[in-house]
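Single-structure report; data block below.
Residue numbers (this note's numbering): -1 to 109.
Here is the structure:
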């Protein structure tokens, strides 16, 4: 079974955001073919940010692993976490999304 390139998969979902008028930015570009994805969901200054990293369960189903104990944290703390993540794994993509309710268009359950 072949797997779609990360860049192509990501482009499709980011177009959905653009069509809905949702602001996003690619903070870090990873490996176009095989890089994993991390999401920074910016819920506003008062609410903070949540960070999710792409992961797979034992059956190979894709989903999202909440980072930082799944809690919303100040933006500086989320940025520091993502900086540590990209310093360890330069292949990872980091996408920041403005999401007041903490949602995103990417498929997969929280693991």
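The C-beta atom is built at its ideal place from N, Cα and C for all residues, glycine as well. Quick caveat: nothing in here was measured; it's all calculated off a predicted structure.
- DSSP lists 47, 96 as the bridge partner or partners of residue 40.
- For residue 83, there is no enclosing beta strand (DSSP E); the residue is found in the alpha helix (DSSP H) stretching over 73 to 86.
- Residue 53 sits in a strand when the DSSP states are folded into three classes.
- In this structure, the alpha-carbon of residue 40 lies about 26 angstroms from that of residue 55.
- For residue 52, the closest of 2, 68, 62, 92 by C-alpha to C-alpha distance is 62.
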